[in-house]
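Visitor: If you read the sequences in order, they're chains U and A. Using this note's numbering, read the first sequence as starting at 827 and increasing by one per residue. Using this note's numbering, read the second sequence as starting at 827 and increasing by one per residue. By construction, the Cβ of each residue, glycine as well, lies at the ideal position given by its N, Cα and C atoms. Here it is: the structure, laid out below.
Number of protein chains: 2
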Amino acid sequence: MEETPARLTSKPSWLLTQLAVHAHRMASDGFGEVGARGYHYRLLAALHEFGAASQAELGRRSAMDRSDVVAAINQLVERGFVERTPDPDDRRRNIVALTPAGDAQLRRMDRALDKVQDDLLGPLTAEDRQTLTRLLTRLLAHHRNR
Amino acid sequence: MEETPARLTSKPSWLLTQLAVHAHRMASDGFGEVGARGYHYRLLAALHEFGAASQAELGRRSAMDRSDVVAAINQLVERGFVERTPDPDDRRRNIVALTPAGDAQLRRMDRALDKVQDDLLGPLTAEDRQTLTRLLTRLLAHHRNR
DNA sequence: GGTCGTTTGTTGGCTGCGCCAACGTTGGTT
DNA sequence: AACCAACGTTGGCGCAGCCAACAAACGACC
């Protein structure tokens, strides 16, 4: 059983990034079962919660680069999960809207993700889970605004 | 100020991966100042803590793929931070050893990383930091072996 | 009106990290 | 001798994050 250097295991940044690798892999597996990836989920979630929006706005809400939004929306359009129409009021923009099929896909991904959360937090008590979530939320909010 | 969907912000896997992005970026910036990356730090740390080892063993200790170890060691050799010599007792293996220059580089990266931890945990009290570290360690240990 | 700066969509590219398949060489087992 | 396992190496893939550039369109200002 090979050991990991204490220099690494003692550093929160190491714990965080390594655990994120596991979380990411689990989520990817879940998404993969419905033929999707993380970017798709973020966009569908933003559309469902805030309604139709331009690509730039979607990017901001989903913490994605504009260029990555283009590619992901292309794929979602191709599958009929989303509709892209030019904005008549601002000809620079596209309006992206969720379709019923997209809504169904979002629910499928939701179910897959819920399972992931449970696997991820496996050995933690309900109280510990809450504590962890609270701490992570605080930190993320702090760094979100640089 | 654009909002992020609650579907995302409520999921530990989202908090974890997004916060990991920040942590990774901060660490990358720190490492970048001494012209290195995460892989280099992992290898140097393993060498310093456990002594000279074969590449395969280093990979296991640093949670890296064999092929990625090859490339990273090449770069460390090129900079004189590490020496690679054939193992006379097992001609399949190379013995990788830390040089004094490598040790100095490790210390430089250590200092950069310490700063990162502080920035990362910025708004947390000492007690909260300890709690977070404890929870993350528990989770990582759980997923490491399965 | 015309000019300037900004926003938007899009293309193309780059980096880090994790991972996998294949191959030849070498060791250990039987 | 035959087999399987481990090692180093090459080459390649996927996801996520990011940046630069461009043309088109918008807004504000004089």
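(1) Using a Cβ-Cβ distance under 7 Å, would E875/A count as near chain U?
(2) K941/U touches chain A at which residues, Cβ-Cβ below 8 Å?
(3) Can you check which of these residues, M935/U, A952/U, D954/U, is closest to L978/A by C-alpha distance?
(4) Pull up the distance between the alpha-carbon of W840/A and that of L962/A, whole angstroms please.
(5) Along chain U, in chain order, which residues have C-beta atoms closer than 7 Å to that of E953/A?
(6) Work out the CA separation of P838/U and D954/A for me, nearest whole Å.
(7) Leaving aside the five residues before and after M852/U along the sequence, list all residues of the same chain whose C-beta is less than 8 Å from its C-beta, in chain order.
(8) Please list, in chain order, the residues of the segment 838-860 of chain A that have any C-beta partner in chain U closer than 9 Å.
(9) What does DSSP give as the partner residue(s) for N920/U in the beta ladder?
(10) Examine chain A for any beta-carbon lying closer than 7 Å to the beta-carbon of G948/U, and answer yes or no.
(11) Quick one, which residues of the segment 902-924 of chain U are near chain A if we go by CB-CB under 9 Å, in chain order?
(12) Using DSSP's beta-bridge definition, name the partner residues of A879/U.
(13) Less than 7 Å between CB atoms is the rule here; does L884/A satisfy it with respect to chain U?
(14) Using a Cβ-Cβ cut-off of 7 Å, state whether R833/A counts as contacting chain U.
(15) Where Q881/U and G877/A are concerned, what is the direct C-alpha to C-alpha distance, given to the nearest angstrom?
(16) Could you work out which residue in D891/U, A927/U, E875/U, E829/U is closest to A832/A when comparing CA atoms only?
(17) Mind listing the chain U neighbours of R964/A? Cutoff is C-beta to C-beta under 9 Å, in chain order.
(18) So R887/U contacts chain A; which residues on that side make the cut at Cβ distance below 8 Å?
(19) Please state if the CB of G856/A and the CB of A938/A are separated by a distance shorter than 7 Å.
Guide: To lay it out plainly:
(1) yes
(2) Those do not exist, as K941/U stays about 11 Å from chain A at its closest Cβ, beyond 8 Å.
(3) Beyond the ends of chain A as shown, which are 827 and 972, falls residue 978/A; an answer cannot be given.
(4) 15 Å
(5) In chain order: nothing, as chain U lies at least about 11 Å away.
(6) 12 Å
(7) V942, D945, L946
(8) P838, S839, W840, L841, L842, T843, Q844, L845, A846, V847, H848, A849, H850, M852, A853
(9) P912/U
(10) yes
(11) none
(12) V922/U
(13) no
(14) yes
(15) 52 Å
(16) E875/U
(17) P949, L950, D954
(18) E828, E829, T830, P831
(19) yes
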